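Asker: For reference, the structure I am asking about is given below.
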Amino acid sequence: MIDPEELKRRVVHALADADVEVQDLTGTRDHFEMRVVSSRFAGQSMVDQHQLVYAPLQDWLKTGELHALSLRTFTPEQWKKAQERQTRTP
Amino acid sequence: MTPELKSRFDDAVQKHPVVLFMKGNALFPRCGFSAAAVQILQQYGPVHTVDVLAEPDVREAIKEYTHWPTIPQAFIRGKFVGGSDILRDLEERGELEAMIKGTEGG
Numbered sequence: 001m002i003d004p005e006e007l008k009r010r011v012v013h014a015l016a017d018a019d020v021e022v023q024d025l026t027g028t029r030d031h032f033e034m035r036v037v038s039s040r041f042a043g044q045s046m047v048d049q050h051q052l053v054y055a056p057l058q059d060w061l062k063t064g065e066l067h068a069l070s071l072r073t074f075t076p077e078q079w080k081k082a083q084e085r086q087t088r089t090p
Numbered sequence: 001m002t003p004e005l006k007s008r009f010d011d012a013v014q015k016h017p018v019v020l021f022m023k024g025n026a027l028f029p030r031c032g033f034s035a036a037a038v039q040i041l042q043q044y045g046p047v048h049t050v051d052v053l054a055e056p057d058v059r060e061a062i063k064e065y066t067h068w069p070t071i072p073q074a075f076i077r078g079k080f081v082g083g084s085d086i087l088r089d090l091e092e093r094g095e096l097e098a099m100i101k102g103t104e105g106g
């Protein structure tokens, strides 16, 4: 079982300016959804962006303690646009 | 990862335009993320799937091959593109079809 706050702390620690939101999908503390907004993602491919988030979680992923992680990554600009799109949708 | 598996992966991703390493197969996916990935990809044509549950050594080796910790894993035209979240995002941005058809800009 993983403490969602610890999950968040690790990602924030790895990506200094990251804005991270974590959701426990099943209430079992092993399936999480995470949204990460960071300027570190600028100019990086999506694979590289996800790798940056996976890096501080390697041990949990290896042991299977972290069984599933649904991940969305945004640069601050992309996140701003995504939010504008959301508010415009009827 | 054995050299045999590495060359098997090299061959598979070169031979088929779209390859998905997944849990189960297209008809019977055995994980929600694998199901979502195969469903997104199949809209644009045939998908060559490899069931990692049937081959435990493949399941571990593919993670080393791509340095990617989770399944599913998709390759388009020989290039690793990521897992189900990335496929969903590419689909939402309208970029996936061009990648598969090889008509993306640049």
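Residue numbers (our numbering), protein chains in the order written: chain A, 1 to 90; chain B, 1 to 106.
For every residue, glycine included, the Cβ atom is placed at its ideal position computed from N, Cα and C.
Everything numeric in this text was worked out from a predicted model, so none of it was measured.
#1: Name, in chain order, the residues that DSSP records as bridge partners for A/Ser-70.
#2: Going by alpha carbons, who is nearest to B/Ala-74 out of B/His-67, B/Thr-66, B/Trp-68 and B/Gly-83?
#3: For B/Gly-78, name the three-state secondary structure that DSSP assigns.
#4: So that I know if they touch, is there some Cβ in chain A lying closer than 8 Å to that of B/Val-38?
#5: Between which two residues does the alpha helix (DSSP H) containing A/Thr-87 stretch?
#6: Taking Cβ positions, are A/Val-36 and A/Val-53 nearer each other than 8 Å?
#7: Where do the ends of the beta strand (DSSP E) carrying A/Gln-49 lie?
#8: Run through DSSP, which three-state label would B/His-48 get?
#9: List, in chain order, every chain B residue whose beta-carbon is nearer than 9 Å to that of A/Ala-68.
#10: How is B/Met-99 classed by DSSP in three states: helix, strand or coil?
Answerer: Put simply:
#1: A/Glu-33
#2: B/Gly-83
#3: coil
#4: no
#5: Counting along the chain, the alpha helix (DSSP H) containing A/Thr-87 begins and ends at 76–88.
#6: yes
#7: Per DSSP, A/Gln-49 belongs to no beta strand (DSSP E); it is in the alpha helix (DSSP H), 46–54.
#8: If DSSP states are grouped into helix, strand and coil, B/His-48 belongs with the strands.
#9: Cys-31, Gly-32, Phe-33 and Thr-70
#10: helix
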